[in-house]
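S.K.:
In my numbering, the protein residues as written are 1452 to 1665.
1) Could you tell me whether the region 1647-1663 touches the region 1626-1635, using the rule of 3 or more Cβ pairs below 8 Å?
2) Specify, as a first and last residue, the run of the beta strand (DSSP E) that residue 1473 falls within.
3) Using the rule of at least 16 other Cβ atoms within 10 Å of the residue's Cβ for burial, across every protein chain shown, is residue 1500 buried or exposed?
4) Do residue 1619 and residue 1635 have their C-beta atoms within less than 7 Å of each other?
5) Quick one: grab the DSSP three-state call for residue 1516.
6) The alpha helix (DSSP H) with residue 1650 in it runs from where to where?
7) Take the Cβ of residue 1505 as the centre, count every other Cβ of all protein chains shown within 10 Å, and call the residue buried at 16 or more, exposed below.
8) Just verifying my parser: in three-state terms, what is the DSSP assignment at residue 1523?
9) In three-state DSSP terms, what is residue 1543?
10) Could you name the residues that DSSP lists as bridge partners for residue 1489?
11) Taking residue 1633 as part of the beta strand (DSSP E), name the residues at either end of that continuous run.
12) Would the beta-carbon of residue 1472 fall within 7 Å of that of residue 1490?
13) Could you tell me the alpha carbon to alpha carbon distance between residue 1495 and residue 1479, rounded to whole angstroms?
14) Starting from residue 1623, follow its DSSP beta bridges and name the residues at the other end.
15) My output table needs one value for residue 1618: the three-state DSSP class, helix, strand or coil.
16) Where does residue 1598 sit, in a helix, a strand or coil, going by DSSP?
17) As a quick exercise: from 1649, 1637, 1507, 1641, pick the residue whose alpha carbon is nearest that of residue 1595.
18) Sorted by chain position, which residues of the same chain lie with C-beta nearer than 7 Å to residue 1649's C-beta, five sequence neighbours on each side aside?
19) Around the Cβ of residue 1512, are there at least 16 other Cβ atoms within 10 angstroms (buried) or fewer (exposed)?
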């Protein structure tokens, strides 16, 4: 064995492949084609000492190269290509945009429903207020009490309260208004007041009802 063979064996024994870390393709200056280089982690050395080696320098660990290539192919199959990744991203973004649009449309529908509800309530309230105002105008004579000097009393309906032995509060019904055709609301007056203003009605009431202490 000559000195060069001895040095080769020492080098081979000294540098042992621990694992193949990575692979890249570079342009071969001689052939012009692509050439594979493998990043090697050496036994007893740190990762800073990793080197790129051609397949010719790894003839004694071809099984490790095969294992590395198999793992790399499997990983490549599981990992989507850049085109697939872009398509997947587009689909994902499209789904997200559709969800956002659906959510926005749903919110718009809810807002529109709430607005219509508010408008309906406001319109209903406005309609009720307007109707009440009209009804108050039409029934203005019925919602106010009859007044002497304005309305004409029709009949004394009865005694509602006895103030003392000679004075009572009496309920008076009024005639319908000649202008509106509505009857004012009945009002309460004392027999003393009625005796002064409408003694005839008071006499008719006394005549048709027996009241003591008159």
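Backbone N, C-alpha and C define an ideal beta-carbon position, used for all residues, glycine too. Quick caveat: nothing in here was measured; it's all calculated off a predicted structure.
M.R.: A quick look at the data gives this:
1) no
2) 1468-1478
3) exposed
4) no
5) helix
6) Element bounds for residue 1650: 1650-1659.
7) Label assigned to residue 1505: exposed.
8) Three-state result, residue 1523: helix.
9) helix
10) 1474, 1504
11) Here residue 1633 belongs to no beta strand (DSSP E), and DSSP marks it neither H nor E.
12) yes
13) 31 Å
14) Residue 1623 is bridged to 1607, 1638.
15) coil
16) Under the three-state reduction of DSSP, residue 1598 is assigned to coil, being neither helix nor strand.
17) 1637
18) 1604
19) Note on residue 1512: 16 or more other CB atoms within 10 angstroms of its CB, so buried under the neighbour-count rule.
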